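Please read the structure below before turning to the comments.
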Amino acid sequence: AQSVTQPDIHITVSEGASLELRCNYSYGATPYLFWYVQSPGQGLQLLLKYFSGDTLVQGIKGFEAEFKRSQSSFNLRKPSVHWSDAAEYFCAVAAVSGTYKYIFGTGTRLKVLA
Amino acid sequence: NAGVMQNPRHLVRRRGQEARLRCSPMKGHSHVYWYRQLPEEGLKFMVYLQKENIIDESGMPKERFSAEFPKEGPSILRIQQVVRGDSAAYFCASSPDRGDSNQPQHFGDGTRLSIL
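Protein chains in written order, with my numbering: chain A, 1 to 114; chain B, 1001 to 1116.
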């Protein structure tokens, strides 16, 4: 069965430091991949997506992610974190049995120190 | 240019009551999806609907839960005879098509359901 693993439940970084959030997936083919961000009490906002083509994807708010087929990974990065980036981040894949059925990881909660 | 609208934002019910959650998709979107997020977990797919049709309800509990997306009006997720375990955030998403193209799902702000 398809699955998404986000191994880091919590991450704390200082403002201005770089950030990398990990995401690994289990899938039978090249999936559709997504990163969403959720602020407390809010819905999910799409940061970026990968469907095909260039494996380095640029998103909103200065985020980027790299698809590595050999490692089944889609890690999210940001060179310099801002205090407003504190939120929960979810990696998701579109399932084999129907690309409409997104499978989400359990999320990584990011805390930013001033 | 409104996004996906869900209401109510918060809903409190006593055990045994019914809960009705509403979702209006983005303008131009005819595909609606419902997800459930339990505390400290990621979102889990529940059901996929198009206008007047349930396409995939494989993630819906077999009993007490139902969903509809009528020709006119919002999509409704209905939970009958709620129990404590139904407490969760319920998110609706929409897309302009089935998702096979470069059109990701857009999510609403969710309904937080609390069962007393």
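Ideal Cβ positions, reconstructed from N, Cα and C, are used throughout, including at glycine.
Since we're looking at a predicted model, the values are computed, not measured.
Going along chain B in order, which residues have a C-beta closer than 9 Å to the C-beta of residue i?
i	result
A:Leu-76	Correct list: empty, because the minimum Cβ distance to chain B is about 15 Å.
A:Lys-101	Tyr-1033, Phe-1045, Tyr-1048, Asp-1056, Ser-1058, Gly-1059 and Gly-1099
A:Gln-42	Asp-1109 and Gly-1110
A:Leu-46	Pro-1104, Gln-1105, His-1106 and Phe-1107
To which residues of the same chain is residue i closer than 6 Å at the C-beta, ignoring the five residues directly before and after it?
i	result
A:Arg-77	Glu-20 and Glu-64
A:Lys-4	First, the residue type needs correcting, since residue 4 of chain A is Val and not Lys in the sequence shown. Result list for A:Val-4: Tyr-25, Cys-91, Val-93, Ile-103 and Gly-105, in chain order.
A:Pro-79	Ser-18
B:Gly-1016	Gln-1081
According to DSSP, is residue i helix, strand or coil?
i	result
B:Asp-1086	helix
B:Gln-1006	strand
B:Lys-1044	strand
A:Ser-80	coil
B:Ser-1075	strand
A:Asp-85	helix
A:Ser-120	One cannot answer for residue 120 of chain A here, as it falls past the ends of chain A, which runs 1 to 114.
A:Gln-58	strand
A:Ser-72	coil
A:Ser-52	coil
A:Cys-30	The sequence given here places Thr at residue 30 of chain A; Cys does not occur at that position. Three-state result, A:Thr-30: coil.
B:Gln-1050	strand
A:Ile-103	strand
A:Cys-91	strand
A:Cys-23	coil
Under 7 Å Cβ to Cβ from residue i, same chain only, skipping five residues before and after it: list those, please.
i	result
A:Tyr-36	Leu-44, Gln-45, Leu-46, Leu-47, Phe-90 and Ala-92
B:Lys-1071	Lys-1051 and Glu-1052
Taking the Cβ atom as the reference point for each residue, do residue i and residue j lie within a distance shorter than 8 Å?
i	j	result
B:Gly-1042	A:Gly-107	yes
B:Arg-1112	B:Ala-1089	yes
B:Ser-1066	B:Cys-1023	no
B:Tyr-1048	B:Tyr-1035	no
B:Ile-1055	B:Arg-1084	no
A:Gly-16	A:Val-81	yes
B:Gly-1118	B:Phe-1045	This structure leaves residue 1118 of chain B out entirely; chain B is present only between 1001 and 1116.
A:Leu-110	A:Phe-74	no
A:Thr-99	A:Arg-69	no
B:Gly-1110	B:Gln-1006	yes
Run down chain B in chain order and give the residues with a C-beta less than 7 Å from the C-beta of residue i.
i	result
A:Leu-110	Under the 7 Å cutoff, chain B gives no residues; its nearest Cβ is about 15 Å from A:Leu-110.
A:Thr-106	Glu-1041 and Gly-1042
Counting only the same chain and skipping the five closest in sequence on each side, list residues whose C-beta sits under 8 Å from that of residue i.
i	result
B:Arg-1013	Ala-1019, Val-1082, Leu-1113, Ser-1114, Ile-1115 and Leu-1116
A:Trp-83	Glu-15, Val-112 and Ala-114
A:Asp-8	Leu-21, Arg-22 and Thr-108
A:Ser-52	Thr-30
B:Leu-1011	Ala-1019, Leu-1021, Thr-1111, Arg-1112, Leu-1113 and Ser-1114
If we cut at 8 Å on Cβ distances, does residue i have a partner in chain E?
i	result
A:Ala-65	The question asks about chain E, but that chain is absent: this structure's protein chains are A and B.
Looking at chain B, which residues of the segment 54 to 75 of chain A have a Cβ within less than 9 Å of any of its Cβ atoms? none
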